[in-house]
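Take the position in the sequence shown, starting the count at 1, then add 12; the result is the number in the working numbering.
To start, the structure itself, in structure tokens.
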Amino acid sequence: MTVFNDCPQHITVIIDNNDNMSEDFASPSIIASGGNASGCVDASTWPGQSSFDMSFHSGDKMHILLGQSPLYATCTIPEYLPNGKGGVVLAPGRPSQTGGDYNFWFFNGPGVLTPLINSVMQANLPAIIKYISSNSINVKISETNSLTIKGLQLDPASVQCTYAGILPKSGGSSNLWNVNMVFRLREGYLVGTETISDQTGSFNLSVTDLVVYIQAQIDLTFHTKPHVTALQCSLGDYHLSGTIIDVLEALFPLIENLFSIGATPFRVAGFINTIFNASVISVINSFISKVVETPHPKTKYASSLIHSLRFGSSVLAYPRRKVVKLSRPPLGTDLSIWMSTPQIQARRMGRLKLPGTHSSATYGLTAVLSQIVYPHVQFLWNMSAHASPANGNWPICIPPERKNPLYIGPICHNFILGRAVNAISRTQGRNILEQLQSGIRHFDFRVYYDTRDGHFYTQHILRGPLFSDVLAQIRFFINAHPGSGELIFAAISHTNFGHHPAQAPRFAQLVNSYIAPEYLYYEPDSFGQPSFDFQILSEATVADITQGAPKVMFMNLDWRVYAFADVITNTDGYAGAPIRPGDEPRTVDDLSAQQGLGLRCHHPDSAPLWSVDWVLTPDLPTVVQTVLIHLTGVQKWALQDMAAQANASLAGFLNLHGGANARFNVVSVDWLEYGAEKSVSELVIGMNH
């Protein structure tokens, strides 16, 4: 008897109510995350039913009945936990002997993965059954052996994943993850033919109450494909007929032995669990290898071990320079009005340094995809929460093609968007008002018009807050500081207004309805221009722009696609280091090299207003790891951890490149409240003093 712990924390297993047992399992048993506890249990002699109860730390309980001589083959499969947090397989062992030995496999996990697997299965099983009924499926077992399935009678409701859990492989690299799964088939019927060597025959197979435990391994470096590492089963009953029996007995003596001693369900399952176990696993892995295509990311990312992604300080990669001490804002500075001091009001824009945020409105992402399709994750827009149509076509394409829907059911669909994609796309923890109060003065708003309801939303793969909500927060901040000299820059990009040109004027009207004209800033001669030269503002002082009142400058960075007639300025805004698609920095060293090169190479006369985009992009293994961690029941924001590493190294980077004398004016970050010894806002604002 073995108990596996697939929870992210240790569990305590209690065995009690031992009835008519001659040997009990140790209780209580404390099992570490990813570990297991093994022992023996033994039923007492007949008469009398033997049984015991198993309780997990979550309070879930199983009741196990043990058959005993002469009822050695009558183990009763216990009720499964309806929440998917526990599973069991009572797998027969020693099939050639008359005893009733079993291997008991018990599992306890967070219950996240189980309903997701069922969601995908139930979305596709009706279509698979219809396809098999309309088309023969040939399964090549080896070079000389194959099966052809010609008919399948199966009620989709009779197939269920009763348990699934996933964790990093215990004691090994965290790139290797183990998945434990238990499936139950209540009843099914299969018709087909087989070719074994040069002999062909037919078969009819019916199965009742088949329970299968599968352990598989996933490699996050993608050097190896997913593969099965363990398989055990139990079988309630079966019926096999046709010439396949004669063919199998002639070619495989061990099978002849099985039928000669009586091929009871107990012995059939026992042979699969022992003598034929390696062969069955080999056939399954061969099938997986043929149908699953392994992604091949860039070598430098694929070879990176997840557990070794420690984003080191990039200052070691540069020659030593004069160290400039970074200062804090003066004690008592109110970050919500830090620009309103005479010192800042008198500063030229070319010498002003502003803290900013990247994808500023992702604090409120929803479980709904935006209508801005990101090509590198195109498959997300192909996912469907509905069931695959049972029209005789195969429903699953691996990997998913651009135009083929991927039917995953509502539960899995909600998990992927609401948890997995959200965890990868969210870049900020604070809303816009909180960011403004923290001193942030440059915002990155990705806005689009949603044809589904006619509203304007922010987005970052997922749909974010209504842009009217963003504007309401800016208005609230302005109304709270009407006499201040705060200057706010709002960059608008990644829109779909080029496809919906009539919506651009509506968007400008929306901005105008929330922000009073006296609080909007734009150069008088910029209206009607396809592109305003933002760099000419470098010689203006803050006071020249604010004129004794808070100001917001909305900038259309998509001016090459469409232009606003008024309210919003068509401009490139702050210049910055060019980033080609696919070359986004994945580590702090990459980020330092990229942004450092931009600072050293840009000429202040041609681009005096410069932005440092201090943000990291997760690589494929990190994305996969984040999704897997959510399957363990742990909430994890991928970009939060990466931002903490990047933000912690920001002071060293700025110090290295001249501190207060460095040639940049905006520093934009993810998760601004994480990583730095002092806040990113304080760090950047302090460089103005």
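Glycine residues also receive a C-beta, built at the ideal position from the N, C-alpha and C atoms.
When C-beta atoms of the segment 47–67 are compared with those of the segment 13–20, three or more pairs fall below 8 Å, so the two segments count as touching.
Ranked by how close their Cα comes to the Cα of residue 677, the residues 567, 39, 359 have 359 in first place. Here residue 434 carries a helix assignment [DSSP, helix/strand/coil]. Annotated as distal: residue 61 and residue 30, with beta-carbon spacing of 8 Å or more. Taking a 10 Å sphere around the C-beta of residue 463, we find fewer than 16 other C-beta atoms and assign the residue as exposed. Residue pairing by DSSP places residue 240 opposite 228 in a beta bridge. Every unbroken stretch of the beta strand (DSSP E) spanning 3 or more residues and falling wholly within the segment 113–186 is given here in chain order: 114–120, 149–152, 157–166, 171–180.
Note on residue 590: under 16 other CB atoms within 10 angstroms of its CB, so exposed under the neighbour-count rule.
The three-state secondary structure of residue 586, taken from DSSP, is coil.
Taking residue 596 as the centre and dropping the five residues before and after it, the same chain places the C-beta of 629 closer than 6 Å to its C-beta, in chain order. For residue 75, the enclosing beta strand (DSSP E) covers residues 73–78. Under the DSSP assignment, residue 35 falls in the beta strand (DSSP E) whose first and last residues are 33–35. Pairing residue 666 with residue 448, the inter-Cα distance amounts to about 23 Å.
Residue 624 carries a strand assignment under DSSP once its states are collapsed to helix, strand and coil. Taking the CA atoms as reference points, residue 433 sits about 35 Å from residue 74. Collapsing the DSSP output to three states places residue 444 in a helix.
If the five residues before and after residue 578 are omitted, its C-beta is found closer than 7 Å to the C-beta atoms of 520, 539, all from its own chain and listed in chain order. Out of 684, 101, 602, 531, the CA that lies nearest to the CA of residue 369 is found in 684. Apart from the 5 residues on each side of it in sequence, residue 581 sits with its Cβ closer than 6 Å to the Cβ of 534, 538, 544, 567 in its chain, given in chain order.
The residue among 622, 297, 200, 252 with its C-alpha nearest the C-alpha of residue 588 is 622.
By the Cβ rule, the segment 465–474 counts as touching the segment 367–383, because three or more pairs are nearer than 8 Å. With a minimum length of 4 residues, the unbroken runs of alpha helix (DSSP H) contained wholly in the segment 357–430 fall at 391–394, 421–427. For residue 138, same chain residues with a beta-carbon under 7 Å away, outside a window of 5 residues either side, are 168, 399, 402 in chain order. Residue 669 carries a coil assignment under DSSP once its states are collapsed to helix, strand and coil.
Using a Cβ distance threshold of 8 Å, residue 530 and residue 349 do not count as a contacting pair.
Taking each of 188, 171, 172 in turn and checking the Cα distance to residue 178, the smallest one comes out for 188. If you look at residue 642, you'll find it in the alpha helix (DSSP H) that goes 632–643. Judged by DSSP in its simplified three-state form, residue 518 adopts helix.
The C-beta of residue 610 has 16 or more other C-beta atoms within 10 Å across all chains shown, which makes the residue buried.
Residue pairing by DSSP places residue 189 opposite 180, 230 in a beta bridge. Secondary structure at residue 351: helix, using DSSP grouped into helix, strand and coil. In this structure, the beta-carbon distance from residue 503 to residue 457 falls below 8 Å. The C-beta distance from residue 643 to residue 159 rounds to 33 Å, too long to fall under 8 Å, and the pair is not in contact. Under the DSSP assignment, residue 501 falls in the beta strand (DSSP E) whose first and last residues are 499–505. Judged by DSSP in its simplified three-state form, residue 67 adopts strand.
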